[in-house]
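Positions 2 to 266 (my numbering) are the ones given, in order, by the sequence shown.
Just so you know, even glycine gets a beta-carbon here, dropped at the ideal spot from N, CA and C.
Input: a single structure, listed below in structure tokens.
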Amino acid sequence: MTLPKIKKTNTGNKSKAAARILRALLCFAFWIGIWYIAAAALGKAVILPMPHDVAKRLIALAGTKDFVLTCLRSLGSVFAGIFFGMAFGSVLAVLSHFVPVVKTLASPMLSVVKATPVASFIILLLFLVNKTAVPPIATSLIVMPIVYSNVTKGFSSVPREKSEAARIYLFDAVKKWKYCYLPCIMPYFAAACRSAVGMAWKAGIAAEVICSPKGTIGSALYNAKIYLESEDMFAWTAAVIILSIVIEKLIVNLILGRFEKEERA
């Protein structure tokens, strides 16, 4: 009796997945149609090129070695910033939990970081460091407060019963981390990763556009704008969007989604 139910469930899941894909394709086709209408009505390819011209240019760029290297440089820069932002935010949250004075001292800094526009940080960093270091530092400043806030919430969510059990059974530091803190912190950390990755990618590309380090996506966008190469500008923008989707969907959802499933199991 169980086999028909399993088949029905699998069929239902496939139907839902197919429906989601169809909706996404229809939505994509709708906005591409709007783009065609707007481009035809404007009649100025230098301002708004046709979608098929942008697609051709993107395919032509994607077939070159320089395109791949440029994307890898930008990805490497952004992921370096994400790594250091997550590491610093996590360490600061741990220190703030166990050493209250650290939390008192860190709160004003974090408030300033969250309130200051990214562009202001980028311009300030241009006076302080080499322009190639600006994107990863700007990315770190975006990621760090998000991770800090979520890890702090994870510490606050530790049930009192667990803390009391650890005290009664004389858990050492390793056991406390394994059985009390980590199970509560990791879901919040996973949520921080999901929120921070997309924002960090946008901030990193924005920093590249402003400071234009050689051989990056940001510098390619800036050059396309300066030389009025609208097809290149739209093609690189499409590349940024595609890479953002790949980062968020494939990396974040697959890795962190698997962790969350294991936690629920």
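Item checked: Simplified DSSP assignment, three categories, for residue 232 -> Three-state DSSP puts residue 232 in a helix.
Check: Cβ of residue 1 within 8 Å of Cβ of residue 205?
Finding: This structure cannot speak to residue 1, because the chain is shown only from 2 to 266.
Next item on the list: Return no unless some Cβ of chain B is closer than 8 Å to the Cβ of residue 96.
Entry: Of the protein chains in the structure, only one exists, and it is not chain B.
Check: Can you name, in chain order, every residue of its own chain whose Cβ lies under 8 Å from the Cβ of residue 52, other than the five neighbours on each side?
Finding: Hits under 8 Å: 33, 36, 37, 40.
Check: Considering only residues of the segment 62-137, which uninterrupted alpha helix (DSSP H) runs meet the minimum length of 4 residues and lie entirely inside it, listed in chain order?
Finding: You should have 66-99, 101-116, 119-129.
Checklist line | Reduced DSSP category for residue 246 - H, G, I as helix; E, B as strand; rest coil | finding: Residue state, collapsed to three classes: helix.
Check: In terms of alpha-carbon separation, which member of 185, 168, 162, 133 lies closest to residue 151?
Finding: For residue 151, the closest C-alpha among the options 185, 168, 162, 133 is that of 185.
Next item on the list: Alpha carbon to alpha carbon, how far is residue 23 from residue 15? Give it in angstroms, no decimals.
Entry: If you draw a straight line from the Cα of residue 15 to the Cα of residue 23, it comes to about 12 Å.
Margin query: Taking the alpha carbon of residue 147 as the reference point, which residue from 190, 49, 242 has its own alpha carbon closest?
Written below: Minimum Cα distance to residue 147 is reached at 190.
Notebook entry, point to check: By Cβ distance below 6 Å, which residues in the same chain neighbour residue 89 in space, the five residues on each side in sequence not counted?
Noted result: Closer than 6 Å at the Cβ level, and outside the excluded window around residue 89, lie 145.
Note to self: For a test of the three-state rule: what should DSSP assign to residue 173, helix, strand or coil?
What the structure shows: Of the three classes helix, strand and coil, the one that applies to residue 173 here is coil, per DSSP.
Notebook entry, point to check: Where does residue 146 fall in DSSP's three states?
Noted result: Looking at residue 146 - three-state DSSP - the assignment turns out to be helix.
Checklist line | Cα-Cα separation between residue 181 and residue 149, rounded to whole angstroms | finding: One alpha carbon belongs to residue 181, the other to residue 149, and they sit about 19 Å apart.
Notebook entry, point to check: What number of angstroms, rounded off, separates the C-alpha of residue 183 from the C-alpha of residue 76?
Noted result: About 29 Å.
Checklist line | Per-residue DSSP class, three states only, for residue 153 | finding: Looking at residue 153 - three-state DSSP - the assignment turns out to be helix.
Next item on the list: Report yes if the C-beta distance between residue 106 and residue 239 is below 8 Å; otherwise report no.
Entry: The answer is no: Cβ separation not under 8 Å.
Next item on the list: Could you spell out where the alpha helix (DSSP H) holding residue 189 opens and where it closes?
Entry: In the DSSP assignment, residue 189 falls within the alpha helix (DSSP H) that extends over 183-212.
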